[in-house]
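A.B. asks: In the working numbering, each number is its position in the sequence shown, counted from 1, plus 300.
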Amino acid sequence: MQRWFFGLVFLVFPGCAATAPAEAGPKTSARAPILVQPVQVTARKPAPSPAPVATNEPAADPDADDEEGPDDDEAEAAEEAAEAAEAAGASPPPPAPKAPSPLLALSVTQLEARYRSDPASVGPLSLGATNAGALVNGVQMPKSEKWIVQDPSCAWGTQETVDAIARSIEKVAAEHPGAPPLAIGHISSRKGGHLSPHRSHQSGRDVDLGYYHNPPKTTFVRATEANLDLERTFALVKTIVSETDVELVLIDTAVQRLLVAHAQRKGEDEAWLDQVFQVRGKHPRPVVRHARGHGNHLHVRFVSPVAQELGRRAGAFLKREKVAPPHVADAVVMHKARSGDTLQILARRYGTTVEAIQGANGLKTIDIKMGRTYRIPVPKPPTAAKAPAAPKRHAPPPRNTAGATRGR
Ligand SMILES: [Zn+2]
Numbered sequence: 301m302q303r304w305f306f307g308l309v310f311l312v313f314p315g316c317a318a319t320a321p322a323e324a325g326p327k328t329s330a331r332a333p334i335l336v337q338p339v340q341v342t343a344r345k346p347a348p349s350p351a352p353v354a355t356n357e358p359a360a361d362p363d364a365d366d367e368e369g370p371d372d373d374e375a376e377a378a379e380e381a382a383e384a385a386e387a388a389g390a391s392p393p394p395p396a397p398k399a400p401s402p403l404l405a406l407s408v409t410q411l412e413a414r415y416r417s418d419p420a421s422v423g424p425l426s427l428g429a430t431n432a433g434a435l436v437n438g439v440q441m442p443k444s445e446k447w448i449v450q451d452p453s454c455a456w457g458t459q460e461t462v463d464a465i466a467r468s469i470e471k472v473a474a475e476h477p478g479a480p481p482l483a484i485g486h487i488s489s490r491k492g493g494h495l496s497p498h499r500s501h502q503s504g505r506d507v508d509l510g511y512y513h514n515p516p517k518t519t520f521v522r523a524t525e526a527n528l529d530l531e532r533t534f535a536l537v538k539t540i541v542s543e544t545d546v547e548l549v550l551i552d553t554a555v556q557r558l559l560v561a562h563a564q565r566k567g568e569d570e571a572w573l574d575q576v577f578q579v580r581g582k583h584p585r586p587v588v589r590h591a592r593g594h595g596n597h598l599h600v601r602f603v604s605p606v607a608q609e610l611g612r613r614a615g616a617f618l619k620r621e622k623v624a625p626p627h628v629a630d631a632v633v634m635h636k637a638r639s640g641d642t643l644q645i646l647a648r649r650y651g652t653t654v655e656a657i658q659g660a661n662g663l664k665t666i667d668i669k670m671g672r673t674y675r676i677p678v679p680k681p682p683t684a685a686k687a688p689a690a691p692k693r694h695a696p697p698p699r700n701t702a703g704a705t706r707g708r
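1) What are the complete alpha helix (DSSP H) segments, minimum 4 residues, inside the segment 401–487?
2) Please name the residue in Pro-400, Gln-459, His-494 and Leu-528 whose C-alpha comes closest to that of Ala-479.
3) Kindly provide the chain-ordered list of residues whose Cβ lies closer than 5 Å to any non-hydrogen atom of ligand 1.
4) In chain order, which alpha helix (DSSP H) runs of at least 4 residues are fully inside the segment 616–684?
5) Got a sec? Which residues, its chain only, sit under 7 Å from Leu-646 by beta carbon, not counting five neighbours each side?
6) Going by DSSP, name the residue or residues bridged to Gly-510.
7) Using only the alpha-carbon positions, how far apart do Ala-561 and Gln-608 sit?
8) Decide if the segment 594–612 is in contact with the segment 519–526; the criterion is three or more beta carbon pairs, one per stretch, under 8 Å apart.
9) What's the C-alpha gap between Pro-625 and Lys-619?
10) Give me whichever residues DSSP pairs with Leu-573 in a beta bridge.
11) Would DSSP call Arg-532 helix, strand or coil?
12) Can you give me the C-alpha to C-alpha distance between Leu-663 and Glu-470, rounded to a whole angstrom?
13) Looking only at its chain, what residues have a beta carbon closer than 6 Å to the beta carbon of Phe-617, apart from the 5 residues adjacent to it on each side?
14) Going by the beta-carbon positions, is the gap between Gly-485 and Gln-450 smaller than 8 Å?
15) One question on the structure: do Val-710 and Pro-586 come within less than 8 Å of each other, judged by their Cβ atoms?
16) In whole angstroms, what is the alpha-carbon distance linking Tyr-512 and Pro-697?
17) How should Lys-538 be labelled, buried or exposed, when 16 other C-beta atoms within 10 angstroms of its C-beta is the threshold for buried?
18) For Val-541 and Arg-589, I'd like the C-alpha separation in whole angstroms.
19) Going by Cα to Cα distance, which pick from Gln-410, His-694 and Pro-481 is closest to Thr-533?
20) When you compare only the Cα positions, how much space is there between Gln-440 and Ser-604?
21) Near Ala-563, what residues of its chain come up, given a Cβ to Cβ distance below 7 Å and the 5 sequence neighbours on each side ignored?
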C-alpha cells in the first residue's frame, strides 16, 4: 500500500472521510470522490478586518451553523492563499527546533540509511505544506479523561503536535479544576494527505478543537455569549498562543470579541491582546485570526520544528521510495487551464512533475479541461529555502499577581 494517493486515502481510512462527528457539515462532501473541488480561483483576502465596533452582534453569520463544510474549506483556502503569497515572497521560514533532537544530527544520507533499516526509528516526519503534505510515523492522539477524540482514525499528528495539544488541555484542567473533557476533532489521517472536508490537516500539524461550554458539551457546538465557558476557553487560547509552537489559530470574530472582552475584564495586557487577536485590528497578521466556519470550534496549526526539519531532509528520499506521494510539496498554486495547456507544459512551467499534478488533482489520465482550475504542487524557490529559524512565542508580559506592580 505504498503507492497511495489522495483517492486511496479514502479507501484506506474510510472513517476519516465519513465521519466528522458533531460537525453538521453536508454529508455530500464526506463521500465525494476525491479531493478537488477545484478551489475558487479568487484568492480571498486573509480575513476580513475586524469592525472597530465593540458590540457583540449575536452570531450574525448565517453560515456559521453549517460549520466545517465548505465554509471551513473556504476559510482554510483563504489561509492558504495568504500563506502561498508568503511562501512566494520573503516568508517566515520553518522554525528551528528548540529542544535538540539527536535525530537532527543526522545527515540526509544517514537519515535515509536509518529509515531503511528501521523506519520507525526516525520518528514522526511532517512532509510538505499543510495543504499538500503527508505524515510518516504519525502519533495518534492518546485517550484521556480530559478530552474526547471524536474520530481516532483522523487524530494522527507529529509528536510535537500531540504533545502541544495534550499539554495545553492539561494545563487548563489543572488551573480550572472540574473542566469537562474537550472535544478534539480532526488532526490528520494516519499517513496525512487529503482529509475531507479540509484543505489543510495534511501534515500532522493542524487540529480542530471544541470550545469549552457551560453547560459542558462533548461535541462542537456554536459558541455564544450564553454558552461559552469564557474562563476555560480563554485559558486554552492563551496557553496555546503563549506556550506552544503555534503558527495560527482560527476563531470566528464573534467568539474573539467575547474572549477579548473577558480578557480585558481580567486585566490582561492590552498590548498583548493587540498583538494576538485580529479582532483588535491592530496587528497586520496576528496569530488568532477570523475564518468562517470557526464559530463552533477553533483550528490550531502548530509548528513541528523537529518533524518538519526531518521531513524536509527526508522528503526527496521518501518520494523516491514511494513512501510519500509525488504531490507532497512546499506550497500549492492554483492554475486555470487555458487553451494549449498540457500537464507537461504546466509541470515544466511550475517546476513540478506530471505525476505530482495528477496526484494533487486525482487525475487518472493526462487530460485536462480548459477553464478548470487545477492545484499545482510547487517547490519553494531555492531562495526561500533558508535555514529554519526559531518559532515566535506570543507570551504576555508577566502579570502583577505576586506583588509586582504594574501601572494600569
Ligand atoms: Zn480545521
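Backbone N, C-alpha and C fix where the C-beta goes; we use that ideal spot for every residue, glycine too.
C.D. replies: Let me lay it out:
1) Qualifying alpha helix (DSSP H) stretches, in chain order: 408–417 and 459–475.
2) It is Leu-528.
3) The set, ordered by position in the chain, is Asp-508 and His-599.
4) Whole alpha helix (DSSP H) segments, 4+ residues: 643–650 and 654–661.
5) The residues are His-635, Ile-657 and Ile-676.
6) In DSSP, Gly-510 forms a bridge with His-597.
7) Near 36 Å, if we compare the C-alpha coordinates of Gln-608 and Ala-561.
8) Below 8 Å, enough C-beta pairs join the segment 594–612 and the segment 519–526 to call them touching: three or more.
9) Straight-line spacing of the CA atoms in Pro-625 and Lys-619 works out to 6 Å.
10) Answer by DSSP bridge pairing: none, since Leu-573 is not bridged.
11) In this structure, Arg-532 counts as helix in the three-state DSSP scheme.
12) Computed Cα separation, rounded: 44 Å.
13) Only Glu-412 meet the Cβ criterion.
14) The Cβ-Cβ distance between Gly-485 and Gln-450 falls below 8 Å.
15) This structure leaves residue 710 out entirely; the chain is present only between 301 and 708.
16) Rounded to the nearest whole angstrom, the C-alpha separation of Tyr-512 and Pro-697 is 25 Å.
17) Lys-538 sits buried, since 16 or more C-beta atoms from the chains shown fall within 10 Å of its C-beta.
18) Using only the alpha carbons, I get a separation of about 12 Å.
19) Answer by Cα proximity: Pro-481.
20) Cα-Cα distance, rounded: 15 Å.
21) Hits under 7 Å: Phe-534 and Leu-573.
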